[in-house]
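**Q** Can you read through this structure? Questions will come right after.
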Amino acid sequence: MYVKHNGAGILIISLYVDDLLVNGNHTSLMEKFKLEMMEVFEMTDLGLMTLFLGMEIKQSEHEVFICQKKYAKEILKKFKLDECKEIRAPMNQKEKLNKDDGTAKIDQAYFRSMIGCLMYLSTTRPNILNVVSILSRFIHYASEMHLKASKRVIRYVKGTCDFGIKFTRSKEFELVGFSNSDWGGSIDDMRSTLGYCFTFGSGFFCWC
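Just so we're aligned, residue 1 is where the sequence shown starts under full-length UniProt numbering, counting upward by one.
Below is the structure:
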């Protein structure tokens, strides 16, 4: 990311491989940058952003909504769970996962692929990050129990494909953070799990 200040104006450029996002508080500043770039590089101006790295962006005068509905449906299809029964919660709170749960081992590559997909989905879905983070501990020794728990997350995703993050127009921009931790929650090594999230204005922008 690159940031340029020009008096009261600010220009923010986000770059990923060959994709550029141009943002700022002055239209003239953004237009000038785009014209200068097009004089040097072969580029196409796609206008108002609607899709970026699998994320769908809906913008209006008063709000911006970001989700991964299409990607969520691709996950369902990839793991042949598009016809599965939806579930209301991504995790069974009474179930404690551990390395040696007594169930049979599964295809580790398949499990890693599933967790990787869910990790990327959590880019706009902080509500699944905790359980996906827990499941990622078992990518080297995944069992039937771990697979069942990960499929539960996907079943939850099926019923919430259109969930995402909404940022509404706000005059107040206050940085607010929340954090919490369990106490020795891991059965295997008694390590604790920390979680945090930050808001700036109206929506979450950072979580773990």
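Note that the Cβ used here is the ideal one computed from N, Cα and C, for glycine as well. On a predicted model such as this, the values are computed, not experimentally measured, just so you know.
Since Q108 is in the alpha helix (DSSP H), which residue starts that stretch and which ends it?
**A** Q108 to L121
**Q** Taking the beta strand (DSSP E) that K58 belongs to, which residues open and close that run?
**A** M55 to Q59
**Q** Given a cut-off of 8 Å on the beta-carbon distance, is the pair M55 and I66 in contact?
**A** yes
**Q** Look at the alpha carbon of R152 and the alpha carbon of K94, and state the distance between them as a whole number of angstroms.
**A** 14 Å
**Q** By a C-beta neighbour count over all protein chains shown, 10 Å radius and 16 as the cutoff for buried, is I128 buried or exposed?
**A** buried
**Q** In this structure, how does DSSP classify E172 when only helix, strand and coil are distinguished?
**A** coil
**Q** How would you write the range of the alpha helix (DSSP H) that F4 sits in, first residue to last?
**A** The identity of residue 4 in the sequence shown is Lys, whereas the question assumes Phe. No alpha helix (DSSP H) contains K4, which is instead part of the beta strand (DSSP E) from Y2 to N6.
**Q** According to DSSP, is residue 209 part of a helix, a strand, or is it coil?
**A** As displayed, the chain neither begins before 1 nor continues past 208, which places residue 209 out of reach and without an answer.
**Q** Round the Cβ separation of V132 and I115 to the nearest angstrom and send it over; I've been treating them as touching at under 8 Å.
**A** 7 Å
**Q** Quick check: the segment 81 to 100 against the segment 162 to 169, are there 3 or more CB pairs under 8 Å?
**A** Counting Cβ pairs under 8 Å, fewer than three are found: no touch.
**Q** Counting only runs that start and end within the segment 142 to 195, where is the beta strand (DSSP E) found for 3 or more residues in a row?
**A** 164 to 168 and 175 to 181
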